[in-house]
Amino acid sequence: MAKTMKGVTCIERNGSVYWYARIDGQRVYCGQGDKGKKLAEAGRAKHVAKQYENREMNAGLKVKKVEFRTIKDLSNWYMLLPTVQEKKGYYRKLNAVGHLLDFFGNKPLHAAEGDDQEHYRKWREGQGAACGTIDFEIGVLSGMYHEARKCKKISADTLPGQFIIRGDKNPRRLVTDKEFEALVKHADADFADVLIERL
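Residue numbering for the sequence shown is 4 to 202, as defined by the numbering used here.
Following this line, the structure appears as structure tokens:
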């Protein structure tokens, strides 16, 4: 008897040959004689092709889907989150993101490491931005990455090693006695009371 394809078997009884194909782990009867053999081989071939297709699909699903390729992709996702949009400081964040994207633009996600942040800081300082403003913008950048990591949109190795916040604040100068007296003199009665109570 000629060799048959794997997964196709036959049983010979009383001079007749009955053909079977293994499909989904079960032996399925396909017919008798040459016609049965052809049907068994076709059924098995179809099953193998389907299994191969399923394996390819499953392999594709197992590979982690890249949600974001650039910092712009990340920021677009982050700023559309309802939890971000409903916060009181949303418009300040929106302004911060505008500056971040002007610098980082379409750079890949790994282009926001500590040294990249330092370059950003120098760039913003050149534009006259205060240290506290830049710290806020770096904080927004940090929020984007950490939220994406929490939501499993990026892998741990995509997260920058650090977010550099200087924390430098320009202390407000003390008002002199003379300046305070002038302020009280020009304030209306209610505001003057507030100023005096704050002493």
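Glycine is no exception: its CB is placed at the ideal position from the N, C-alpha and C atoms.
Just so you know, these numbers come straight off a predicted model, no measurement behind them.
Here the alpha carbon of T179 sits roughly 12 Å from the alpha carbon of V187. Rounded to whole angstroms, the Cβ separation of E150 and Y81 is 6 Å, and the two are in contact under 8 Å. Taking the CA atoms as reference points, V87 sits about 19 Å from I137. When DSSP assignments are scanned along the region 8-93, the uninterrupted stretches of beta strand (DSSP E) that are 3 or more residues long and fall wholly within it turn out to be 11-16, 19-26, 29-35. The continuous alpha helix (DSSP H) containing C134 extends over residues 134-153.
Closest in alpha carbon position to T73, among N109, V11, R25, is N109.
Of the residues assessed, Y55 falls on the exposed side of the cut-off, its CB having fewer than 16 other CB atoms within 10 angstroms. In this structure, T12 is the residue among S19, S78, T12, R16 with its C-alpha nearest to the C-alpha of G46. Nearest Cα to I141 within the set G18, K181, A115: A115. The C-alpha of A52 is placed about 44 Å away from the C-alpha of P163. By the Cβ-count criterion, H189 is exposed, with fewer than 16 other Cβ atoms from all chains shown falling within 10 Å of its own Cβ. In this structure, K155 is the residue among A185, K155, D193 with its C-alpha nearest to the C-alpha of F71.
Between G39 and W22, the beta carbon gap of about 4 Å places them in contact (Cβ cut-off 8 Å). When only Cα atoms are considered, Y32 and A43 end up about 8 Å apart. Within its own chain, the residues whose Cβ lies closer than 8 Å to the Cβ of E121, once the five positions on either side in sequence are excluded, are I167, listed in chain order.
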